[in-house]
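Participant:
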Amino acid sequence: MYKVINEYTSKVNLQANDEIYNKISDLFNDITEIKKLSVSVSFNRYVLDIKLYNYSVKLAGDIFSIINTKLSYSYSSFFVRFNEGSCVRYRYITSNENKDAIYCDIIFS
């Protein structure tokens with residue numbers, strides 16, 4: 000699955016700017032299950048490290064659904080989820096018809 004995401008990523012223009020950063024940060028304002036949130040950017044890729052008060056795979060999936068609903072472009076959006084024992088990792092990418100894209104590596108623990 001990494002190959003699919005890496006190939007897709009090579010065909011789009013990854014975007015990272017203040018507007019997207021603020022939009023991502025604002026997604027979590029009303030989610031009370033989050034104990035700590037860290038958002039960073041590396042090579043136009045967002046890394047979201049989300050610590051939950053009561054971690055579960057289900058809760059991580061529920062919060063990811065909110066992220067996908069509020070952040071995705073209408074043209075394309077896909078993700079891969081990895082359950083890694085004490086955490087869940089999502090690799091998520093969404094793009095518009097102009098191939099401007101947002102990539103997020105999202106870790107829930």
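Numbering (numbering that gives the first Met the number 0), first residue to last: 0 to 108.
Quick reminder that beta carbons are idealized off the backbone N, C-alpha and C, glycines included.
Computed from a predicted structure; not experimentally measured.
Could you compute how far the alpha carbon of Y45 sits from the alpha carbon of I23?
Facilitator: Working through the sequence shown from its first residue, we reach residue 45 at position 46. Working through the sequence shown from its first residue, we reach residue 23 at position 24. Near 9 Å, if we compare the C-alpha coordinates of I23 and Y45.
Participant: Below 8 Å CB to CB, which residues in the same chain sit around I65 once its five sequence neighbours on both sides are set aside?
Facilitator: Counting from one through the sequence shown, the residue named residue 65 turns up at place 66. Hits under 8 Å: L26 and I30.
Participant: Whose C-beta lies closer than 6 Å to the C-beta of V40 among residues of the same chain, with five residues either side of it excluded?
Facilitator: Sequence index remark: in the sequence shown, residue 40 carries index 41 (1-based). Cβ within range, chain order: A15.
Participant: With the cut-off set at 9 Å, would you say N43 and Y89 are in Cβ contact?
Facilitator: In the sequence shown, counting from the first residue as 1, residue 43 sits at position 44. In the sequence shown, counting from the first residue as 1, residue 89 sits at position 90. No, these two residues do not count as a Cβ contact at 9 Å.
Participant: Sort I49, K57, K69 and V79 by Cα distance to I19 and report the nearest one.
Facilitator: Within the sequence shown, the letter at position 20 stands for residue 19. Comparing Cα-Cα distances from I19 to each of I49, K57, K69 and V79, the minimum goes to K69.
Participant: Whole beta strand (DSSP E) runs in the stretch 25 to 101 with 3 or more residues, listed along the chain?
Facilitator: Taking only runs of at least 3 residues, the beta strand (DSSP E) segments lying wholly in the stretch 25 to 101 are 33 to 41, 44 to 51, 75 to 82 and 87 to 94.
Participant: Flag this pair as yes or no: are the beta carbons of K34 and L51 separated by less than 9 Å?
Facilitator: Within the sequence shown, the letter at position 35 stands for residue 34. Within the sequence shown, the letter at position 52 stands for residue 51. Yes, Cβ-Cβ distance for K34 and L51 is below 9 Å.
Participant: When the Cα atoms are used, what is the spatial distance from S9 to N67?
Facilitator: Counted from its first residue, the sequence shown places residue 9 at position 10. Counted from its first residue, the sequence shown places residue 67 at position 68. Distance between the alpha carbons of S9 and N67: 21 Å.
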